[in-house]
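These notes concern the structure reproduced below.
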Amino acid sequence: MSILSRIRTNWLGSVECPSVLCAKILISKCLGYAIICGSCIVKVPQLIKILKAKSGEGISLPSVTFELVAISATWAYGKGHNFPFSSYGESIFLAIQTSIIAFLVLAFSNQLTKGLVYVAVYAGTLAFLLSPSAPMSLLVVLQGANIVLVSFSKMIQAVSNYNNGSTGQLSVITVYLLFLGSIARIFTSVQETGDMFVVITYCVATLFNGVIAAQMIYYWNTTPSPQEQSKKSS
Numbered sequence: 005m006s007i008l009s010r011i012r013t014n015w016l017g018s019v020e021c022p023s024v025l026c027a028k029i030l031i032s033k034c035l036g037y038a039i040i041c042g043s044c045i046v047k048v049p050q051l052i053k054i055l056k057a058k059s060g061e062g063i064s065l066p067s068v069t070f071e072l073v074a075i076s077a078t079w080a081y082g083k084g085h086n087f088p089f090s091s092y093g094e095s096i097f098l099a100i101q102t103s104i105i106a107f108l109v110l111a112f113s114n115q116l117t118k119g120l121v122y123v124a125v126y127a128g129t130l131a132f133l134l135s136p137s138a139p140m141s142l143l144v145v146l147q148g149a150n151i152v153l154v155s156f157s158k159m160i161q162a163v164s165n166y167n168n169g170s171t172g173q174l175s176v177i178t179v180y181l182l183f184l185g186s187i188a189r190i191f192t193s194v195q196e197t198g199d200m201f202v203v204i205t206y207c208v209a210t211l212f213n214g215v216i217a218a219q220m221i222y223y224w225n226t227t228p229s230p231q232e233q234s235k236k237s238s
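Number 238 marks the last residue of the sequence shown (the numbering used here); no jumps.
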């Protein structure tokens with residue numbers, strides 16, 4: 005029985021559903037769809053910043069790639085398990101925006117062909133994961149690996165920020181929206197899926213998103229390190 009059906013039948017008196025539980029479910033649903041709506045534009049500030057600067061400076065391509073794999077695994081896992089759309093829907097919009105960011109990082113590094121190949125390979129892989137041909141065992145393994153993927157993705161970016169002495173073209177708006185969204189997703193994942201793989205993944209994402217958010221404050225108004233500046237000028 006779906007979550008909304010449980011609430012509706014409770015109101016009709018045929019199924020007992022405590023008011024506190026119903027409130028949690030409604031809050032979870034509202035948060036879930038709010039996250040999805042926010043995800044449609046969450047990385048737009050990042051995209052605008054890259055396009056204006058015509059540079060992906062400070063953005064780690066390996067970090068973006070790990071993040072893209074993690075997002076895609078969440079999308080395929082949620083769809084494959086028939087979870088409510090409100091519990092994973094943002095993965096669709098995050099995947100689109102993140103793949104564009106990866107392409108732009110390569111394109112503005114004079115690697116346009118690599119960027120096109122990158123997007124083509126990703127699109128083909130994603131199509132397979134979302135198809136009935138993808139075995140459920142593979143999706144489970146990918147979701148389990150998500151904890152490691154998310155950790156690597158965020159750690160690589162955090163280390164890159166530290167080494168550069170700045171956050172480069174990272175958008176503070178995008179970073180903080182992702183941080184707040186991952187916090188909210190812990191609650192919605194507990195309420196709507198009860199899947200510990202998903203819950204732990206968002207706990208880890210919240211931790212590392214918090215680290216990068218803290219770096220945005222720490223490195224505010226700082227310039228890239230001399231090594232990074234010399235790389236840029238060479």
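The beta-carbon is built from N, C-alpha and C at its ideal position, and this holds for glycine as well.
Everything numeric in this text was worked out from a predicted model, so none of it was measured.
Could you tell me if residue i is buried or exposed, where buried requires 16 or more neighbouring beta carbons within 10 angstroms of its beta carbon?
{"i": "Tyr166", "result": "exposed"}
{"i": "Ala106", "result": "buried"}
{"i": "Gly239", "result": "Look at the range of the chain in this structure, 5 to 238, and you will see that residue 239 is not part of it."}
{"i": "Val224", "result": "Note on residue identity: the sequence assigns Trp, not Val, to residue 224. Exposed."}
{"i": "Ser91", "result": "buried"}
{"i": "Lys58", "result": "exposed"}
{"i": "Ile52", "result": "exposed"}
{"i": "Gly172", "result": "buried"}
{"i": "Ala209", "result": "buried"}
{"i": "Tyr81", "result": "buried"}
{"i": "Lys33", "result": "buried"}
{"i": "Thr4", "result": "An answer regarding residue 4 cannot be provided, because it is not within the stretch 5 to 238 covered by the chain."}
{"i": "Val145", "result": "exposed"}
{"i": "Phe132", "result": "exposed"}
{"i": "Thr226", "result": "exposed"}
{"i": "Thr117", "result": "exposed"}
{"i": "Ser137", "result": "exposed"}
{"i": "Leu55", "result": "exposed"}
{"i": "Asn150", "result": "buried"}
{"i": "Val121", "result": "exposed"}
{"i": "Gly60", "result": "buried"}
Determine the DSSP secondary structure at residue i, reduced to helix, strand or coil.
{"i": "Phe183", "result": "helix"}
{"i": "Tyr166", "result": "helix"}
{"i": "Leu120", "result": "helix"}
{"i": "Cys41", "result": "helix"}
{"i": "Glu61", "result": "coil"}
{"i": "Leu174", "result": "coil"}
{"i": "Val46", "result": "coil"}
{"i": "Phe87", "result": "coil"}
{"i": "Asn213", "result": "helix"}
{"i": "Thr197", "result": "coil"}
{"i": "Trp79", "result": "helix"}
{"i": "Phe70", "result": "helix"}
{"i": "Ser103", "result": "helix"}
{"i": "Thr205", "result": "helix"}
{"i": "Gly128", "result": "helix"}
{"i": "Gly36", "result": "helix"}
Residues in its own chain within less than 6 Å of residue i by CB, not counting five upstream and five downstream?
{"i": "Arg189", "result": "Tyr206"}
{"i": "Val202", "result": "Ser193"}
{"i": "Ser130", "result": "It should be noted that the sequence gives Leu, not Ser, for residue 130. Cβ within range, chain order: Ser76."}
{"i": "Tyr37", "result": "Ser90"}
{"i": "Tyr126", "result": "Ser103"}
{"i": "Gln101", "result": "Lys47"}
{"i": "Leu35", "result": "Ala188 and Thr192"}
Once the 5 residues before and after residue i are set aside, which same chain residues still bring their CB inside 8 Å of it?
{"i": "Asn213", "result": "Lys158, Val179, Leu182, Phe183 and Ser186"}
{"i": "Ala111", "result": "Gly119"}
{"i": "Leu134", "result": "Trp79, Ala80 and Lys83"}
{"i": "Val123", "result": "Ser103, Ala106 and Phe107"}
Just confirm the distance between the C-beta atoms of residue i and residue j, as a whole number of angstroms; I'd bet it's less than 8 Å.
{"i": "Gln195", "j": "Lys28", "result": "6 Å"}
{"i": "Val154", "j": "Ala74", "result": "5 Å"}
{"i": "Met220", "j": "Val163", "result": "That pair is no contact at about 15 Å."}
{"i": "Ser64", "j": "Phe97", "result": "The Cβ separation is near 22 Å, so there is no contact."}
Taking 7 Å as the limit between beta carbons, can you name the residues of its chain near residue i, skipping five residues before and five after?
{"i": "Thr197", "result": "Phe87 and Ser91"}
{"i": "Met140", "result": "Gly84"}
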